[in-house]
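The opening residue of the sequence shown carries number 1 in the UniProt record's numbering; numbering runs sequentially from there. Each residue gets a CB set at the ideal place from its N, CA and C atoms; glycine is no exception.
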Amino acid sequence: MDRAWGSKPGSGGAATGQNEAIDRRDRLRRLALETINLAKDPYFKQNHYGTYECILCATLHNNEGNYLAHTQGKKHQTNLAKRAALEAKNASAQPQPQPHKRKVSVRRTVKIGRPGYRVTKQYDPELKQRYLLFQIEYPEIEDNIKPRHRFMSSYEQKVQPYDKRYQYLLVAAEPYETISFKPNKPQSSVGAYGLPPPPPPLPMANELWPIPPPPPPGNM
């Protein structure tokens, strides 16, 4: 009896390479049918001839099983990797959307000039400390608005030459211009700034600054 070489009596002939490929594709098709939802596949398309297309690979398939077997093959997987790399490159090249920033309207007030002011030397007998009392008049200040003040270093101003020994007292209140005071003595001589001032009554702002005591006789 003639039988295929390599086969045993009672069994079929030895599987050829073509038969193994067919069997492998069939197993891949069954596996894909169980795990893949074609409705969510962006590359699956049915044309007007009743056959199926893979948009990614530009291939035609007679049935869904054949298409699913194709998606498990090397060509489709390679094209998927290329498409993912291209999309990642394009995404990195595009400018990232800036987060929405809330626009804050800038209040613009017409300035009416500089306020009047008086600077008076005072002395505290309890602390035995001399002070400068700054009284600034704001007759046209807006209701429920208190004058604001802060100390500015010499780095921040552009009017006078820089001198790190000095600080400036800035006082502001709408609609007046901001005014600044510079002590006659450097910072190291005046002592600690920012002592709590008395509550400023409107429309006048008061600010106290300590000043150094006069030098003793004979040390001039």
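Taking C-beta to C-beta, are GLY113 and GLU177 nearer than 8 Å?
yes
Counterpart residues of CYS54 in DSSP-defined beta bridges:
PHE44 and THR59
Mapping the DSSP letters down to three states, classify ILE22 as helix, strand or coil.
helix
Helix, strand or coil for GLU137 per DSSP?
strand
Given 8 Å as the limit, is there contact between the segment 62-70 and the segment 81-91, that is, 3 or more CB pairs closer than that?
no
I'd like to confirm the pairing. Which residues does DSSP put opposite TYR117 in its beta bridges?
ILE136
Please work out which residues of its chain come closer than 8 Å, Cβ to Cβ, to PRO99, disregarding the five sequence neighbours upstream and downstream, and give them in chain order.
none
Nearest to GLY50 by alpha carbon, out of ASN62, ALA39 and LYS40?
ASN62
Assigned secondary structure, TYR49 (DSSP; H/G/I helix, E/B strand, else coil):
coil
On the three-state DSSP scale, how would you describe ARG130?
strand
ARG29 burial status per 10 Å Cβ neighbour count (16 or more: buried):
buried
Apply the 10 Å Cβ neighbour rule to ILE55 and answer buried if 16 or more other Cβ atoms are within range, or exposed otherwise.
exposed
Taking only beta-carbon atoms, is LYS101 less than 8 Å away from chain D?
Going by chain labels, chain D is absent from the structure shown, which holds only one protein chain.
Give me the Cα-Cα distance between VAL171 and LEU133, rounded to the nearest whole angstrom.
13 Å
Thinking just about the alpha-carbon of each residue, which of GLN160, TYR168 and GLU140 is nearest to the one in PHE151?
TYR168
Residue environment, HIS48, which counts as buried when at least 16 other CB atoms sit within 10 Å
exposed
Three-way DSSP call (helix, strand, coil) for GLN77 in this model:
helix
Pairwise C-alpha distance: LEU86 and PRO161
58 Å
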